[in-house]
Structure formats: structure tokens, C-alpha cells
Amino acid sequence: MLKRFLSLAIVFVLGFALVGSVAAQGGGKLEIFSWWAGDEGPALEALIKLYNQKHTGVEVINATVTGGAGVAARAVLKTRMLGGNPPDSFQVHAGQELTGTWVVANRMEPLTELFRSEGWLDKFPKDLIDLITYNGEIWTVPVNIHRSNVMWYVPAKLQEWGVEVPKTWDEFLAVCPKLKDRGVTPLAMGENWTAVHLFENVLLAQLGVEGYRNLFAGKLSWEDGSVKAAWALFDKILNCTNPDAASLSWQQANDLVIEGKAAFYVMGDWAAGYMTTTKGLKPGEGYGYAPSPGTAGVFNMLSDSFGLPKGAPNRENALNWLRLVGSVEGQDTFNPLKGSIPARIDADVKNPNLYNSYLQSAAADFASNALVGSLMHGAAAPEAFLNDFQTVVSVFIATRDVDLAASASQALAEATAVR
Ligand code: GAL
């Protein structure tokens, strides 16, 4: 009898241990804050589903504020953080958006210990670790790497119009009138932030890697002739964009290309996620891609990451969320849907069943190209600079005044200590 009882007890304990290793019991809530709503939602939703499978009993609140590049979400987050009402974890770009806004303000918990205990210190690229390190501590967990400098198009349409993919902006400007004559918008553009996104890549083409890096390191003046030349070029490019740009979201601008109303679109590779996951198009067939003109061999990068704000109401659940975000399984669940490559170097990115041909090519370029950081997506400059720079771009679109844009940007760089 005693023997039977003991063996039953062992079976029970073993069974419990097994179940426990698959799905941890837990309770309470977990609020994750991001701007990945609607069309941008599938990758995050898949990650949350995985979290739910592993942590049954935790109620996940997927708090989103719609709006590309987080222009609306970041303002709401600021109000919440300053009001003492932080979410448990929030999306933040690696780089100055993280360090310059939240870390220097002493609002985040360091995560170096988590990186150590999870064995992550050598599992992320060194350049990326540098972007999330400040004062010797690591502050967030990167979930992906996105590329800013991509030009998208529909191969069949280009063929129909007899147009090649431009390798330089001069080549683009040469085909611009030809496309206009056919009633096609040469370059799709959307609301203000997408213009800033385009501008950073025009700047990169005009200045080259060294010049671009120097500009954001405070070693090159915004009033330098080379930077003014970028504004002058931007002026010509703007004349090839759709007049209703200001009222379109990034997805609506993308739709102009998909629908054959526009030829090209310079946008980050979340556009690949949108066209693949939401629109069901295949890379290389339904849509084509190339480095934005004049930027071959350069990968203008940004990374979405999640951090742990001080005072997170559900800290333990948040730590488990970060463990998932930083795991191979989490990254291989999220990124194929998102249109980004995993931040981890040991994820399954070579697996064609997971990562499509666009993502394979992005991973190859990330490994071999020169890397620079995106301005619009938090890597290169502090948010204080970016916010007012968005106004400089709006004013430029209205006035086309190169000298005004140059002096305003320089004044801003000095006031916000860009380096
Ligand atoms: C970026 C973000 C991407 C994508 C994009 C469009 O700032 O890093 O993940 O969401 O905005 O909203």
C-alpha cells in the first residue's frame, strides 16, 4: 500500500514538474505598451500568444496607440511615465530614444543582470549592445533589427512602364518626368514622419557613411555645403511625390505602389511585413526591393526593444515577457511576421521556411554592410532633436528654403546636444 502510494506520489510530482516546465502557473496582469496596432499588430499578437501559452493565468493587456513610428504613442507614454502610471513594459527604439529620453531621466531598471543570467551577453551584435548600453549598464531587450533605407516597387509594373530601379537619385530624377507623363506618381510619400524618413536616406546618399556619422556625432555642421546639397536634392525629389502625402499613413502610401498608382516608395522594411503578412504578396514577385538610391552597401538600421520601467506594477510578469522577447523562440515567432530580422545572432534566420527571401537578403546585408543609425527611428539623435526636426521638414516642404532649413537644423543640433 505504502509502495503504491509512493509511486503514485512520484508520478504526480513528475507530472507536475513536466507541466510546470511547459506552462508556468502565474497570475496577475501584464500591460505591454506599443504602437503596433491594426495592420502592424500580427507579429506582436503572435508573441503575446506565445507568452500566454507559457504563462497561463496572466492577463495580458495589449495597450496600443496607433500611428506609424510611434509619433502618437510616444507622447502618450510620456504622459503616463511622468504621471507615475508606467506600463509593465514598453516598445522603445534602441539608441538615443531609449538612453536620451528614459535612461538619463532615471526611469528605467537596468537589465544587465538579466542579460547575464539568460546568457545573452554574446548573443546580440556588439553594435546593438552598444546602442542599449549607458553608464556601463544594459537597458532594454532588442526584439529585432529593421532597415530604413529600402526602396520598394512592383516588378511587373516597372516592366509595363519601361522603367528600371534607380541606383542613384540622379537616375530617379531622370525617370520622374517619364512616369509623371504616364499619370504615375514617381515616389509615394505619406504623413510628416515618412518625409523625415525619406530625408534621412537622401542625406545618407548625399553625405555617404562618414559624413552621415559625423553629422550626428556633432562633427559636421548642418550648415555645411554637403548638407545643404541634400536639402536641395530633397526639394527636387519632393516634386516627384504625391500631393496628398500629408494625409496618408505609411500603409496608405505603400498602397499607392501596390495598386500601381505610384512607382517607388522609400520606407523601412516593416513595409515587407505589411506586404507579406497583411497583403499576402511574395517578395521578388508581388513586390521588389533595393537599397534606397545612393545607399548600396549601407544598412541604415534601427531596433525595436522592450524595457522595464521603474515602478512597473507587475514586475515579475514583465521580466518573463522580457525573457521571451530576448529568446530565440520569441524572436523567430515575431520577426518573420514583422518584416524584420532577429536581433539575436543565433536565431534561425537562415531557415527559408521561417524567413522569406527579402529577410534572407536583409540578414546578409546586415552582416556585410556598413551600419549607420536611423534618425527618424530613435537610433541617431535624441528625441528632443527629432521632434523639432520634424517641424523643420514640414516647413521645408512648404517653403523649400534650403538656407532656412540648414540654419534651423544647426541651431537645433546645438540646443539639443546631438552627438
Ligand atoms: C518604426 C518601428 C517599426 C514600425 C514602424 C512603423 O519606428 O521601429 O517597428 O512599427 O515604426 O510604424
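252 is the number that our numbering gives to position 254 of the sequence shown; each next residue is one higher, with no gaps. C-beta atoms are modelled at their ideal positions from N, C-alpha and C, and glycine is treated no differently. All figures in this text were calculated on a predicted structure; none of them were measured in a lab.
#1: Can you name, in chain order, every residue of its own chain whose Cβ lies under 7 Å from the Cβ of L84, other than the five neighbours on each side?
#2: In angstroms with no decimal places, state the Cα-to-Cα distance between I395 and S245.
#3: Mind checking whether the beta-carbon of D120 lies closer than 7 Å to any heavy atom of the ligand GAL?
#4: Straight-line CA distance for Y24 to A215?
#5: Give the single residue among A193, T138, V296, P123 whose Cα lies nearest to the Cα of W319.
#6: Would you say the beta carbon of E38 comes nearer than 7 Å to a heavy atom of the ligand GAL?
#7: Nearest to Q157 by alpha carbon, out of L231, E283, G36?
#8: When you measure from the CB of D179 to every non-hydrogen atom of the ligand GAL, does any distance come out below 7 Å?
#9: Exposed or buried, which one is V326 when buried takes at least 16 other CB atoms within 10 Å?
#10: Check whether the Cβ of D253 sits closer than 7 Å to any heavy atom of the ligand GAL, and report yes or no.
#11: What's the gap between the Cα of A368 and the Cα of V347?
#12: Report all residues from its chain with a CB closer than 6 Å to the CB of T275; omit the five preceding and five following residues, and keep chain order.
#13: Tell me where the beta strand (DSSP E) around I30 begins and ends.
#14: Closer than 8 Å is the cut-off here; do at least three beta carbon pairs connect the stretch 166 to 183 with the stretch 50 to 64?
#15: Identify, in the order they occur along the chain, each residue of the same chain with its Cβ nearer than 6 Å to the Cβ of F113, setting aside the five sequence neighbours on each side.
#16: Suppose you measure from the CA of I59 to the CA of L45; what does that come to, to the nearest Å?
#17: Give me, in chain order, the residues of the same chain whose beta-carbon lies closer than 8 Å to that of L48; leave out the 5 immediate sequence neighbours on both sides.
#18: T293 and W248: beta carbons closer than 8 Å?
#19: Taking the alpha helix (DSSP H) that A413 falls in, what are its first and last residues?
#20: Hey, could you find the ends of the alpha helix (DSSP H) W150 is sitting in?
#21: Which of helix, strand or coil does DSSP assign to V370?
#22: Starting from the Cα of L185, find the closest Cα among D233, L402, I343 and give me that residue.
#23: Would DSSP call S291 helix, strand or coil?
#24: Can you tell me the Cα-Cα spacing of D344 and P123, whole angstroms?
#25: Give the DSSP bridge partners of A61, in chain order.
#26: So, helix, strand or coil for V347, using DSSP?
#27: Following the continuous beta strand (DSSP E) through V90, name the residue where it begins and the one where it ends.
#28: When the Cα of T170 is compared with those of G188, R180, L231, which residue comes out closest?
#29: Between W150 and the ligand GAL, is the CB less than 7 Å from at least one heavy atom?
#30: Can you name, in chain order, every residue of its own chain whose Cβ lies under 7 Å from the Cβ of S19, other than the five neighbours on each side?
#31: Following a CB-centred definition, is W167 positioned closer than 7 Å to any heavy atom of the ligand GAL?
#32: Give the range of the alpha helix (DSSP H) segment to which H375 is assigned.
#33: If you scan the stretch 106 to 145 from start to end, which runs of the alpha helix (DSSP H) of 4 or more residues do you find wholly inside it?
#34: Tell me, please, whether the stretch 384 to 398 touches the stretch 215 to 228 by the rule of three or more beta-carbon pairs shorter than 8 Å.
#35: Using the Cα positions of A270 and L205, report the straight-line distance between them to the nearest angstrom.
This is what the structure holds:
#1: Note that residue 84 corresponds to Pro in the displayed sequence, not to Leu. Around P84, the same chain offers R78, P307, G309, A310 as residues with beta carbons nearer than 7 Å, after the five sequence neighbours per side are excluded.
#2: 14 Å
#3: no
#4: The sequence as given places Gly at residue 24; Tyr does not occur at that position. Cα to Cα, the separation comes out at about 46 Å.
#5: T138
#6: At least one heavy atom of the ligand GAL is nearer than 7 Å to the Cβ of E38, so yes.
#7: E283
#8: no
#9: exposed
#10: no
#11: 20 Å
#12: P40, L335
#13: 27 to 32
#14: Put simply, the stretch 166 to 183 does not touch the stretch 50 to 64. Fewer than three CB pairs are less than 8 Å apart.
#15: L119, I136
#16: 13 Å
#17: L322, E327, G328, T331
#18: No; because the gap between Cβ atoms is not below 8 Å, this pair is not in contact.
#19: Going by DSSP, A413 is part of the alpha helix (DSSP H) stretching over 400 to 413.
#20: Taken as a continuous stretch (DSSP letters only), W150 belongs to no alpha helix (DSSP H), being part of the beta strand (DSSP E) at 148 to 151.
#21: strand
#22: When only C-alpha atoms are compared, the closest one is D233.
#23: Sequence check: residue 291 is Pro here, not Ser. P291 falls in the coil class under three-state DSSP.
#24: Near 10 Å, if we compare the C-alpha coordinates of P123 and D344.
#25: Paired residues: F31.
#26: coil
#27: 87 to 91
#28: It is worth fixing the name first, because residue 170 is Phe in this sequence and not Thr. For F170, the nearest C-alpha among the options comes from L231.
#29: no
#30: Note that S19 has pLDDT 42, beneath the 50 cutoff, so the model's placement of it is unreliable and the number below is only indicative. Cβ within range, chain order: n/a, list empty.
#31: No, Cβ of W167 sits at least 7 Å from all heavy atoms of the ligand GAL.
#32: Here H375 belongs to no alpha helix (DSSP H), and DSSP marks it neither H nor E.
#33: Listed in chain order, the complete alpha helix (DSSP H) runs (minimum 4 residues) inside the stretch 106 to 145 are 110 to 115, 124 to 129.
#34: no
#35: For A270 and L205, the gap between their C-alpha atoms comes out near 27 Å.
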